[in-house]
Structures are given as structure tokens and as C-alpha cells.
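This report refers to the structure that appears directly beneath it.
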Amino acid sequence: MILRINKISVLRVSAFILPLILFGLMLIPWPINLINAAMVFDAPVNGFLDGLTRWVIAMSLVGYPLVYSLATFLSFKAMKNKRKPVIVLSLSCISLLSAHSIFMIYMAFDIL
């Protein structure tokens, strides 16, 4: 029996699995990063826009598991509906928009 593997389906599955494993590993230090969400409010607020930015960053840090779950759900639905691998990959990378992932990437590469 010859096993035929479709290249597109392999790309679709790898575009689903690899980013979600990588972003799933970022859930491990997430509780430690919650301290940063509390410290966002330590400095005095310099206007409305500064206060709004702090709330957005804090909610983004706290809501990382929800963003990760949303990305997993959307990319799984796209993979199940046999969308293009680029669409599956872009949906599974929604987690990059969270402040938690930006902070973890910053810490990993030690930009400054």
C-alpha cells in the first residue's frame, strides 16, 4: 500500500502546530509576567492617552491565555476547512499581538 501525502496538507498542519507549540511554551512564564501588569500602573499618569495605553498593555498581559486560545481555535477551524497554509499560519500567529509575547521576545533577544 502506497501512502500518498499531499504537500499542501503537510504545510497546513505544520503551519498549525509549530507556532502554537512555540506560543504555548510562552504560557509557562506568563504568571511571572502578571507582576509586570500590576507594575504598569506604578508611575504617575501623564494624560489620558498615557492612562489608556497602560490599561491596554495591562489587559494584553493579563489576557494572553485568551488570545492564545482564540488563535488556536481560529487556526484549527481554518485548517479543518482546508484554507491555504498562509492563512492558517497567520491565524496561529495572532498571539504575537499580545504585550506578553512582545515582552518575551524582547527578553529572549535582549534588544537593549
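Start counting the sequence shown at 14; every next residue gets the next number (our numbering).
Note that beta-carbon positions come from the ideal geometry of N, C-alpha and C, so glycine has one too.
All of these numbers come straight from a predicted model, not from anything done at the bench.
Contact between the region 97-111 and the region 75-86 is established, with three or more Cβ pairs separated by less than 8 Å. Closest option to H113, judged by alpha-carbon separation, among G76, L102 and F122: G76.
With fewer than 16 other CB atoms across the displayed protein chains lying within 10 angstroms of its CB, F61 is exposed. In this structure L79 does not touch A28 by the C-beta definition: roughly 22 Å separates them, more than the 8 Å allowed. A56 places its beta carbon 7 Å or farther from that of A71. Its chain contains M92, P98 and V101 as the residues whose beta carbon lies nearer than 6 Å to that of R25, once the 5 sequence neighbours on both sides are disregarded; these appear in chain order. For the set S22, I115 and F36, the Cα lying nearest the Cα of S73 is the one of I115.
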